[in-house]
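Going by my numbering, the sequence shown opens with residue 38, and the numbers climb by one from there. I have placed the structure first, in the form of structure tokens, so that the comments after it can refer back to it.
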Amino acid sequence: MSGGWAGSTRRHELPDDWPERRAYVLARDEYRCRWHEDSTVCGRAATDVDHIRPGNDHRPENLQALCRDHHALKSSREGNAARWSVRMRRPAERHPGLI
Ligand SMILES: [Zn+2]
Numbered sequence: 038m039s040g041g042w043a044g045s046t047r048r049h050e051l052p053d054d055w056p057e058r059r060a061y062v063l064a065r066d067e068y069r070c071r072w073h074e075d076s077t078v079c080g081r082a083a084t085d086v087d088h089i090r091p092g093n094d095h096r097p098e099n100l101q102a103l104c105r106d107h108h109a110l111k112s113s114r115e116g117n118a119a120r121w122s123v124r125m126r127r128p129a130e131r132h133p134g135l136i
């Protein structure tokens with residue numbers, strides 16, 4: 038382990054043409070953060086492109102422009118959710134009496 042990494046963020050697999058998709062989404066969303074909570078839209082300058090539903094769906098419909106703060110906020114929330122789903126997906130341990 039080399040260590041020194043801030044946090045333990047897992048990298049999502051990104052397609053080879055990600056830079057183009059990213060540029061497309063930022064332009065489509067007019068470089069503004071699309072984060073909305075209640076009826077308020079953030080609207081600050083967007084620097085990041087986020088997967089609306091986490092996973093490997095890289096279509097523009099599943100991508101949105103976010104400002105750095107909201108991307109970090111969403112990522113941390115998804116990190117918590119991911120830890121849960123990993124726990125839920127883990128196959129049941131074999132009962133020692135059933136070998
Ligand atoms: Zn924002």
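Quick reminder that beta carbons are idealized off the backbone N, C-alpha and C, glycines included. Predicted model, so just to flag it, every value in this text is computed and none were measured.
Cβ pair residue i, residue j closer than 9 Å
| i | j | result |
| --- | --- | --- |
| A83 | Y68 | yes |
| H73 | C79 | yes |
| D85 | A102 | yes |
Sequence-distant residues of the same chain with beta carbon closer than 6 Å to residue i, five excluded per side
| i | result |
| --- | --- |
| R81 | C70, C104 |
| E115 | P91 |
| D94 | none |
| R120 | none |
Strand pairing of residue i, partner residues [DSSP]
| i | result |
| --- | --- |
| L51 | According to DSSP, L51 bridges with nothing at all. |
| R74 | Here residue 74 is Glu; the residue named in the question, Arg, does not match the sequence. The partner list for E74 (beta bridge, DSSP) reads T77. |
| V86 | A102 |
Environment of residue i [buried if 16+ CB atoms lie within 10 Å]
| i | result |
| --- | --- |
| L100 | buried |
| R131 | exposed |
Contact belief for residue i with residue j at Cβ below 8 Å, rounded distance in angstroms
| i | j | result |
| --- | --- | --- |
| P97 | R58 | 7 Å |
8 Å CB neighbourhood of residue i in its chain, flanking five on each side removed
| i | result |
| --- | --- |
| E50 | N93 |
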